[in-house]
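Asks:
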Amino acid sequence: MSVWKSRTAAVAVGATIAVGLGASGSVAADLITSKDIKNETIRSKDVKDGTLKGKDVKDGALTGADLTDGSIGLADLAPAARSGAAPGIGINGTEVATLADDVVIAKIGGPINDNNTDLHTALTLPAGQYLVTVDGAVESSADAVAPMIDVFPQLSLWLDKNGDGEFRWQDGEGDISPNTLMPAVKNRHRSISGTTVITLTATTKVGLLAFGYASDQSAARSGDQPDAIKVTSATLTATPLS
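Residues -28 to -1, 1 to 214 (mature numbering (1 follows the signal peptide of the UniProt record, and there is no 0)) make up the sequence shown, in order.
(1) Take L213 as the anchor and find which of G146, V169, K27 has the nearest alpha-carbon.
(2) Taking the beta carbon of R15 as the centre, do at least 16 other beta carbons fall within 10 Å, making it buried, or is it exposed?
(3) Would you mind working out which of T176, M154, A174, A94 sits nearest Q126, comparing C-alpha positions?
(4) Measure the C-alpha to C-alpha separation of N159 and D136 and round it to an integer number of angstroms.
(5) Exposed or buried, which one is A69 when buried takes at least 16 other CB atoms within 10 Å?
(6) Suppose you measure from the CA of A186 to the CA of P119; what does that come to, to the nearest Å?
(7) With DSSP collapsed to three states, give me the class of V197.
(8) For D86, report the span of its beta strand (DSSP E) as first-last.
(9) Take every Cβ of the stretch 131 to 146, pair it with every Cβ of the stretch 193 to 213, and state whether three or more of those distances are shorter than 8 Å.
(10) For V157 and A174, I'd like the C-alpha separation in whole angstroms.
(11) So who's on the other strand from L180, going by DSSP bridges?
(12) Starting from the C-beta of D188, find all residues in its chain whose C-beta is less than 7 Å away, skip the five residues before and the five after it, and write them out in chain order.
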């Protein structure tokens, strides 16, 4: 190879390298960084769905002020976060007691202190204020023997303030007693529900009693009769308010 040709090749290679470096310098100069973006100029519509991940967001960079109310649902949260948002169960959350099996109302009419039927559906609550809900259902497997008599079965909330396991209305151990009119025909399901707010000054057993009254003040449809009424479900719920 002649000296001339060798020099020409060297110049050509040098030019190529220069162009390459020039191009790289241009690309670097054209890159956009965060300092080149004016605040609030990029919107959600500028970002393709699925292109931003948690790793792309600096810890602490997003606050509640950056989110629109209602824009995040439970489905957007991790399973651990969803379970953490659920109401707690226990002293600091909602307490629930449920009737284990059907219970026949032993006595209709007379004094509730003596004639109530304990449903053994109870909660032991510490001192405080609670929103209490009573839900239940009653029915009878036989037609009423005396259909002209209206019978009103009820679920009574019992606050065992004396701590002796004996219901005493006169001692303030009673509260709401939601009831329903029992149909005279058999196999008719009737719901019972009521809500109240109670204040306890000490740890207290709170339970449910079944009872009822007849329009003629008799013992119609009591537990020893063929048309007796039974409680088929009962739920006691207590939610702390303080």
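Here a beta-carbon is modelled for each residue, glycine too, at the ideal position from N, C-alpha and C. None of the values given here were measured: they were computed from a predicted structure.
Replies: Quick look at the numbers:
(1) As a first step, residue 213 is located in the sequence shown; it is residue number 241 there, counting from the start. Of G146, V169, K27, the residue nearest in Cα terms is V169.
(2) On the sequence shown, position 43 is the one that residue 15 refers to. When all chains shown are included, R15 counts as exposed.
(3) For the purposes of this step, residue 126 is taken as the residue at position 154 of the sequence shown. Of T176, M154, A174, A94, the residue nearest in Cα terms is M154.
(4) On the sequence shown, residue 159 is found 187 positions in, with the first residue counted as 1. On the sequence shown, residue 136 is found 164 positions in, with the first residue counted as 1. Using only the alpha carbons, I get a separation of about 37 Å.
(5) In the sequence shown, counting from the first residue as 1, residue 69 sits at position 97. Classification of A69: buried, given that the 10 Å Cβ count is 16 or more.
(6) The residue given as residue 186 occupies position 214 in the sequence shown. The residue given as residue 119 occupies position 147 in the sequence shown. Near 11 Å, if we compare the C-alpha coordinates of P119 and A186.
(7) If you number the sequence shown from 1, residue 197 lands on position 225. The question names Val, but residue 197 is Gln in the sequence shown. Three-state DSSP puts Q197 in coil, outside helix and strand.
(8) Numbered from its first residue, the sequence shown carries residue 86 at position 114. From DSSP, D86 is part of no beta strand (DSSP E) but of the alpha helix (DSSP H) over 84 to 87.
(9) The stretch 131 to 146, when compared against the stretch 193 to 213, does not touch it at the 8 Å Cβ threshold.
(10) As a working mapping, residue 157 is identified with position 185 in the sequence shown. As a working mapping, residue 174 is identified with position 202 in the sequence shown. Cα-Cα distance, rounded: 45 Å.
(11) Residue mapping note: residue 180 aligns to position 208 of the sequence shown, counting from 1. DSSP, once it has assigned bridges, lists L129 as partnering L180.
(12) On the sequence shown, residue 188 is found 216 positions in, with the first residue counted as 1. Closer than 7 Å at the Cβ level, and outside the excluded window around D188, lie I121.
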